[in-house]
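Colleague: Residue numbers (the working numbering), protein chains in the order written: chain A, 42 to 389; chain B, 303 to 474; chain C, -16 to 105.
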Amino acid sequence: MELYSQILLIFPVLLVLITLAAYGSYAERRVAAAFQQRVGPNRVGPFGLLQPLADVLKLMIKEDVTPANADKLLHFLSPIISVATAMIMFGVIPLAKFGDSFLVISDVNIGILYLLGVTSVSVYGITLAGWASNGKYSLLGGLRASAQMISYELPLGLAVVSVIILTNARMPMGSDFLSVTSIVEAQRGAWNLFINPLGFIIFYICVLAESARTPFDLVEAEQELVGGFHTEYSSLKFGMFMVVEFLHLVIPPAIITTVFLGGYLGPFEGALGVAQWGNTAQILWGLGWFLTKTFTIAFTFMWIRWTLPRFKYNQLMDLGWKRLLPLALINLVVVAIGAAIYVFQTAG
Amino acid sequence: MEAATTIQTVLFWTFSVLGLAGAVGLLFNRNAVYAALSLVLNFFSIAGLYLSLGAEFLAAVQILVYAGAIMVLFLFVIMLLNMQEEKGVFTFDIRRGAAFILGFAFVAEMMVVLKGFWNHEAGGEFTYGKVEPIGRALLTDYLFPFEMISIVLIAALIGAILVARRHTHQEG
Amino acid sequence: MVSYLPIFVLIALAIGLGFLLANLSRFLGPFRPSAKKGLIYESGMDPVGSAHDRFSVKFYLVAMLFILFDIEVVFMYPWAVNYKELILETNSLFPLYEMLTFIGILFVGYIYVFKKGGLKWV
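(1) Ignoring anything shorter than 4 residues or poking outside the stretch 304 to 377 of chain A, list the alpha helix (DSSP H) runs there in chain order.
(2) At least one CB of chain C closer than 8 Å to the CB of R438 (chain B): is that the case?
(3) Going along chain A in order, which residues have a C-beta closer than 9 Å to the C-beta of L459 (chain B)?
(4) Three or more beta-carbon pairs under 8 Å between the stretch 89 to 97 of chain A and the stretch 60 to 80 of chain A, yes or no?
(5) By Cβ distance, which residues of its chain are closer than 7 Å to S192 (chain A), with the 5 residues on each side in sequence left out?
(6) May I have the straight-line CA-CA distance separating F352 (chain A) from Q189 (chain A), to the nearest angstrom?
(7) Using a Cβ-Cβ cutoff of less than 7 Å, which residues in the same chain neighbour G92 (chain C) once the five nearest sequence positions on both sides are dropped?
(8) Helix, strand or coil: which one does DSSP assign to F139 (chain A)?
(9) How about V113 (chain C): is its C-beta nearer than 8 Å to some C-beta of chain B?
(10) Among the candidates A:M343, A:P82, A:I121, whose CA atom is the shortest distance from the CA of A5 (chain C)?
(11) Any Cβ of chain C within less than 8 Å of the Cβ of V335 (chain B)?
(12) Can you grab the Cα-Cα spacing for the pair I(-10) (chain C) / T341 (chain A), in whole Å?
(13) Check whether the Cβ of G92 (chain C) lies closer than 7 Å to any heavy atom of the ligand FMN, and answer yes or no.
(14) Sorted by chain position, which residues of the same chain lie with C-beta nearer than 8 Å to L368 (chain A)'s C-beta, five sequence neighbours on each side aside?
(15) Would DSSP call V391 (chain B) helix, strand or coil?
(16) Please list, in chain order, all residues of the same chain as A227 (chain A) whose beta carbon is under 7 Å from its beta carbon, the five residues on each side excluded.
(17) Counting only the same chain and skipping the five closest in sequence on each side, list residues whose C-beta sits under 6 Å from that of S252 (chain A).
(18) Below 9 Å on C-beta distance, what does G327 (chain B) contact in chain A?
(19) Do F90 (chain C) and L14 (chain A) count as a contact pair if the criterion is CB distance below 8 Å?
(20) If you check the beta carbons only, do T222 (chain A) and G166 (chain A) fall under 8 Å apart?
(21) So, do the stretch 389 to 401 of chain B and the stretch 47 to 57 of chain C have three or more beta carbon pairs nearer to each other than 8 Å?
(22) Among the candidates A:V97, A:I246, A:G327, whose CA atom is the shortest distance from the CA of I338 (chain A)?
(23) Buried or exposed for G321 (chain B), please, with buried defined as at least 16 other CB atoms from any protein chain shown within 10 angstroms of its CB.
(24) Per DSSP, what kind of secondary structure is E43 (chain A) in: helix, strand or coil?
(25) Give me, in chain order, the residues of the same chain whose beta-carbon lies closer than 7 Å to that of G140 (chain A); leave out the 5 immediate sequence neighbours on both sides.
(26) Below 8 Å on the Cβ atoms is my guess for V64 (chain C) versus F301 (chain A); work out the distance and round it to an integer in Å.
(27) Using a Cβ cut-off of 7 Å, pull out every chain A residue sitting near V64 (chain C), in sequence order please.
(28) Please state whether DSSP places Q189 (chain A) in a helix, a strand or coil.
(29) Tell me whether L91 (chain A) sits in a helix, a strand or coil according to DSSP, three-state version.
(30) Ordered along the chain, which non-local residues of its own chain (more than five positions away) have a Cβ less than 8 Å from that of G27 (chain C)?
(31) Assign K103 (chain C) to one of three DSSP states: helix, strand, or coil.
(32) Going by beta carbon distance, what residues of the same chain come within less than 7 Å of Q264 (chain A), once the five residues before and after it are set aside?
(33) Thinking C-alpha only, which one of B:V319, B:A337, B:L382 is nearest N175 (chain A)?
(34) Applying the 10 Å Cβ sphere with the 16-neighbour rule, what's the burial state of M413 (chain B)?
(35) To the nearest angstrom, report how far apart E358 (chain B) and L(-12) (chain C) are at their CA atoms.
(36) Can you name the residues of chain C whose CB is closer than 7 Å to the CB of L441 (chain B)?
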């Protein structure tokens, strides 16, 4: 894609992201209601579809209370860091392929490292939020949340390395193996989910933990530390943390789709001759598959949330360090051996 | 190296100024958390400099490890220890004077050493910081240092455990 | 500098959006600070003690261990992108063995940390 159209793509993507985040909250409440055999929001507007709008308006006109001893600058900055890091992840995710180019904001040659880097930086939002409020609950909540986030970044990185090996084995030499488009393109013919199922499970669990969704949501559970690191936030700053929470219903599933479910690839692409279709048709095809898979994964996120009980903090950390980390290492070794066999078979 | 383009010069100056601002912030901030965050700004600026030179893997690692892991550790420690703001008057005694003189001598020395590089432009494309060459070098020419790294990391692991255990025993 | 400009634009926009949102409530909502409102929430009671009593050293240890294993993972990326090429060039499994050694040594370290209770979170 040319530069100016890449930049232009940013605007609709951001708009759609915000809308999806807002309606993600609606979807979550409806799905939760269905699981719990009740109805969910259906009063505001037809079928309750205006509920997110009402929520946002309410949050906007409430007073913005900052605790007296709070660090004003950090209190102000941390929701911005959280929101910004969540949003910019979409910059490297390819939505479709048309002709020889991809519908992506920027196909950075180290795309997957970009995603991991942004994830690492997002920890700051939570850590600083907990610190800035200058309260015991907030600080403890913030530290525990941060410890949780960084603990699950390790198996996440290892699962990603296993995917990179697969990408490296399947893509022609000279490609950028770390770019997200390569990772998707390498899945032509077989998704990584089927070749590397253990990696998928590890990746899925880690992404779930990074999003602080149940069963990993101890750090902001209402019954535990009140609001955890966002106890002392009100009005739109609180709203921003909520926005981030619902962005976590959109972007992590998109990442899972891209890395393990083949992104915009649909079945029978070779047989249907998709590569010969017109550009618009290709875009619709790719985008359609991408959104379908993303929403399916998002639904599984919600399904898990309203089914499983919450982990205790020590269970959570044990899972990350004592089980997922060695498991991810073993998975990596197995994938590496498999890839070596594959390379010898296809080369010699 | 080819001549630098305007964009590269602009990027160089932007990131350099930001980096210096971060470093100055680190030195002069009385609030420990602000100082740490200034250092993070510095790291991001250096990553930007790496990017503008085409060393994208280095930039990514800078952010992943330095800004994303090491500074998180720093912040944890600062928050756990609740470091108070430094209150102190800037006195000027014999030690400060000696420090200033030595500092200036050091800067002068550096300028002499770097004299040859003074006239270079903001830089062209390197092939150093990209993933494939680094990997290739690590696995072929520099295999032994590569494996030694794991030994160094083990040493750090043992050290961390020892420090933490001593602390836990002190707490009772 | 292939195509980083859109990313920078995206980052700038996202931060700008964040600024806008954070400031919006200041303009749209009332602003009546009072002493009671400024207090920290502590389940309905008045806050007791400073916010910064000493916390466990486990947080330091987790962060430290994270750094070390993160560095390990960072070294795997250059290896993974050269995997196929090196296998075909050397026509052997040498790249695999190199990384197995690296991981193996660190796994020994991991076991050490495990056994010494460094990962205990109760």
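Glycine residues also receive a C-beta, built at the ideal position from the N, C-alpha and C atoms.
Keep in mind that this is a model prediction, so the values were computed, not measured.
Modeller: Reading it off the structure:
(1) Correct list: 310 to 313, 320 to 346, 354 to 359.
(2) Output row for R438 (chain B): interface = yes.
(3) Listed along chain A is no residue with a C-beta nearer than 9 Å to that of L459 (chain B); the closest approach is about 13 Å.
(4) Touching, yes, given that three or more Cβ pairs across the two stretches are closer than 8 Å.
(5) Hits under 7 Å: M358, G361, W362.
(6) Approximately 12 Å, taken between the alpha carbons.
(7) Around G92 (chain C): no qualifying Cβ.
(8) Residue state, collapsed to three classes: strand.
(9) Nothing about residue 113 (chain C) can be read from this structure; chain C reaches only from -16 to 105.
(10) Sorting A:M343, A:P82, A:I121 by C-alpha distance to the C-alpha of A5 (chain C) places A:I121 at the top.
(11) Taking 8 Å as the CB threshold, V335 (chain B) stays off the interface with chain C.
(12) Each residue's alpha carbon lies about 30 Å from the other.
(13) The ligand FMN is not among the ligands present in this structure, which contains no ligands whatsoever.
(14) P196, L239, I243, listed in sequence order.
(15) Coil.
(16) Around A227 (chain A): L207, T208, R211, M212.
(17) Shown here for S252 (chain A): same chain residues with a beta carbon closer than 6 Å to its own, the five before and five after excluded, namely H289, P293 in chain order.
(18) Below the 9 Å Cβ cutoff, chain A contributes no neighbours of G327 (chain B), its closest Cβ being approximately 13 Å away.
(19) Here chain A covers residues 42 to 389 and nothing more, so residue 14 (chain A) does not appear.
(20) No, the pair does not count as a contact, with Cβ atoms beyond the cut-off.
(21) No, they do not touch.
(22) It is A:I246 whose Cα lies nearest to the Cα of I338 (chain A).
(23) G321 (chain B) comes out buried.
(24) Taken through DSSP and simplified to helix, strand or coil, E43 (chain A) comes out as coil.
(25) N320, listed in sequence order.
(26) V64 (chain C) to F301 (chain A), Cβ: 19 Å. No contact.
(27) Near V64 (chain C) (Cβ distances below 7 Å), the residues of chain A are I205, N209, F218, L219.
(28) Here Q189 (chain A) sits in helix by DSSP.
(29) Secondary structure of L91 (chain A) (DSSP, three-state): coil.
(30) Model confidence at G27 (chain C) stands at a pLDDT of 49, short of 50, so the residue's coordinates are unreliable; what they give is reported in the following sentence. Shown here for G27 (chain C): not one same chain residue has a beta carbon closer than 8 Å to its own, the five before and five after excluded.
(31) Under the three-state reduction of DSSP output, K103 (chain C) falls in the coil class, being neither helix nor strand.
(32) Only weak support exists for where Q264 (chain A) lies, its pLDDT of 49 falling under 50; the value from the coordinates is given anyway. Around Q264 (chain A): no qualifying Cβ.
(33) Looking at B:V319, B:A337, B:L382, the one whose alpha-carbon comes closest to that of N175 (chain A) is B:L382.
(34) Exposed.
(35) Cα to Cα, the separation comes out at about 14 Å.
(36) Simply W62, N65, L69, P78, E81.
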